Amino acid sequence: MPEGPELHLASLFVNRVCEGVVFTGAVRKSMVSKSCDVAFTCDAYRIRAASRGKEVKLTLTPFKSHVNEGRLEPPVDIVFRFGMSGSFRFTSEDELPKHAHLSFYSNETPCGVLSFVDTRRFGSWQPNGSWQPNRGPCIMFEYKSFRKNVLLNLSNRAFDRPICEALLNQKYFNGIGNYLRAEILFRLNIPPFVQARTVFEGLELEDLAAGNITVKEELSDEKTSDRAGKNKAQPADLLRLCHTIPLEVVNMGEKGYDPEKSDYSNFKAWLQCYYVAGMKSTRDHNGRTMWFSGDAGPMAPKERKSTKAKKTAKKEGNHDFTAKKKVAGIRSKNTEEAKKREKREVASRKQKLKEEVEVTDTRDKTRRFPRRKTSGADTKVEQNRRSSRVKTVQPIG
DNA sequence: CGTCCACGTCTAC
DNA sequence: TAGACCTGGACGG
0 MPEGPELHLA SLFVNRVCEG VVFTGAVRKS MVSKSCDVAF TCDAYRIRAA
50 SRGKEVKLTL TPFKSHVNEG RLEPPVDIVF RFGMSGSFRF TSEDELPKHA
100 HLSFYSNETP CGVLSFVDTR RFGSWQPNGS WQPNRGPCIM FEYKSFRKNV
150 LLNLSNRAFD RPICEALLNQ KYFNGIGNYL RAEILFRLNI PPFVQARTVF
200 EGLELEDLAA GNITVKEELS DEKTSDRAGK NKAQPADLLR LCHTIPLEVV
250 NMGEKGYDPE KSDYSNFKAW LQCYYVAGMK STRDHNGRTM WFSGDAGPMA
300 PKERKSTKAK KTAKKEGNHD FTAKKKVAGI RSKNTEEAKK REKREVASRK
350 QKLKEEVEVT DTRDKTRRFP RRKTSGADTK VEQNRRSSRV KTVQPIG
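Okay, here's the thing in structure tokens:
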């Protein structure tokens, strides 16, 4: 689950399991990984982790007592991005997870192994690297500079985009991902496809309330404006929620992260909009699913994109193909034929879509987080809809 | 069996 | 602004 909070929880996880552990030898990379080797070998070193937005940095520090020919090796930083499926695990040597791509071995017996696990391999790492320079300040732990970086750059074309798309721009919102943008906009009742700039204009550079923020405060605005409609002068602050909402997830603790149990019940219960039954969803201009309720906003894509073309017959010689995939590849080997068929399919799909409403109500699109057992009228929508549960968060930075 | 979908970048027309 | 990059789970036929 890698957005900002998960990356941070991953760094906490690493620090917890590596506390007092002595690592030794070489850093080992899986055969299949295309990321670079980590040329680091040391008899005895420790591992610490830190996070910033959607990156985690591991620092490998040789112990002073272990000196290589009179010279102490300097620490090495490795910066990780998690892609769609990255995580860290700590296991015994013979329980190495299936998709472990970079592993650090302890000197214990039995040997403990910290590994970077990444099923889809969209993740990456950079040894001797530092935070990616074109990513902005961390939404969670560099709140002040994050806020300034947005408000001082509102003239940038990034803010011409709809707000939901701007929120995924890591140059300004380092740590926000697809579930966070949905949750954040939902809580403020901001239509996802209004121009980003208009949402931020008028916000104060300094957030005076920072450091003493509760979610209740955020929502109180909007409740009173319901009543009087006079509250326009003090709009709920989207930038602050970009900070506090991710911290709510962090404060749920490693339960939300724990790769061992993969028990997401806490997290699922926390979600109010993303993948929640009864919410609407549509594709944004980049083909990402935007979850929301109410108005889509004026910049909503008019016609949904035709679903991505099949990429079947592309990679014949790929050694990495499973037997199944090979069959599929061979079957559609005749590219001419495949293309024609594809055209026909796309055409008929477009035709269908024309007749559909632009934005679909997705009452049963709840798949990724497996179906909840429905318990009568106790629907999630009902529970969460503008729920005024108070949660205190501890903003840092 | 096949199709669609997923918590994210990247680079190449 | 498409695709490419991947694996695997849910679901439909």
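Residue numbering for the first sequence follows numbering that gives the first Met the number 0, beginning at 0 and increasing consecutively.
Virtual Cβ for every residue (Gly too), placed ideally from N, Cα, C.
Since the model is a prediction, treat every value here as computed from it, not as a measurement.
| Check | Outcome |
| --- | --- |
| Compute the Euclidean distance between the alpha carbons of residue 239 and residue 147, then round it to the nearest angstrom. | 12 Å |
| Identify every residue that forms a DSSP beta bridge with residue 112. | 90, 104 |
| Taking the alpha helix (DSSP H) that residue 143 falls in, what are its first and last residues? | 142 to 150 |
| Would residue 101 and residue 50 qualify as a contact pair, given that the criterion is a beta-carbon distance under 9 Å? | no |
| Please work out which residues of its chain come closer than 6 Å, Cβ to Cβ, to residue 118, disregarding the five sequence neighbours upstream and downstream, and give them in chain order. | 84, 98 |
| With a CB to CB cut of under 6 Å and the five nearest residues on each side skipped, what residues in its chain are close to residue 251? | 265 |
| Which class does residue 272 belong to by DSSP, given the choice of helix, strand or coil? | coil |
| Just how far apart, CA to CA, sit residue 135 and residue 173? | 5 Å |
| In the structure shown, what three-state DSSP assignment does residue 15 receive? | helix |
| Where does residue 200 sit, in a helix, a strand or coil, going by DSSP? | coil |
| Determine, using beta-carbon pairs with one atom in the stretch 198 to 210 and one in the stretch 292 to 300, whether at least three such pairs fall under 8 Å. | no |
| Apart from the five residues on each side of it in sequence, which residues of its chain come closer than 6 Å, Cβ to Cβ, to residue 361? | Because the pLDDT of residue 361 is 41, which lies under 50, any placement of that residue in the model is unreliable, and the number read from its coordinates should be weighed accordingly. Closer than 6 Å at Cβ, skipping near neighbours: 280. |
| Kindly identify the DSSP beta-bridge partner or partners of residue 126. | 77 |
| Taking 8 Å as the limit between beta carbons, can you name the residues of its chain near residue 110, skipping five residues before and five after? | 91, 92, 104 |
| Nearest to residue 38 by alpha carbon, out of 16, 72, 15? | 72 |
| Apply the 10 Å Cβ neighbour rule to residue 133 and answer buried if 16 or more other Cβ atoms are within range, or exposed otherwise. | exposed |
| Going by the DSSP bridge assignment, what does residue 28 pair with across the sheet? | 101 |
| For the beta strand (DSSP E) containing residue 54, name the first residue and the last one. | 54 to 61 |
| Using C-beta distances below 8 Å, list every residue in its chain close to residue 359, excluding the 5 sequence neighbours before and after it, in chain order. | Confidence is the limiting factor: at residue 359 the pLDDT is only 45, short of 50, which leaves the residue's position unreliable, though a coordinate-based value still follows. The answer, listed in chain order, is 279, 280, 281. |
| Can you say whether residue 207 is buried or exposed, counting buried as having 16 or more other CB atoms within 10 angstroms of its CB? | exposed |
| Within the same chain, show all residues whose beta-carbon is closer than 8 Å to that of residue 193, passing over the 5 residues directly before and after it, in chain order. | 161, 162, 296, 297, 298 |
| Give me, in chain order, the residues of the same chain whose beta-carbon lies closer than 6 Å to that of residue 2; leave out the 5 immediate sequence neighbours on both sides. | 176, 179 |
| Helix, strand or coil, according to DSSP, for residue 46 in the structure here? | strand |
| Please determine, among 272, 20, 11, 80, the residue with the shortest C-alpha to C-alpha distance to residue 128. | 80 |
| Can the beta-carbon of residue 22 be found closer than 9 Å to that of residue 55? | no |
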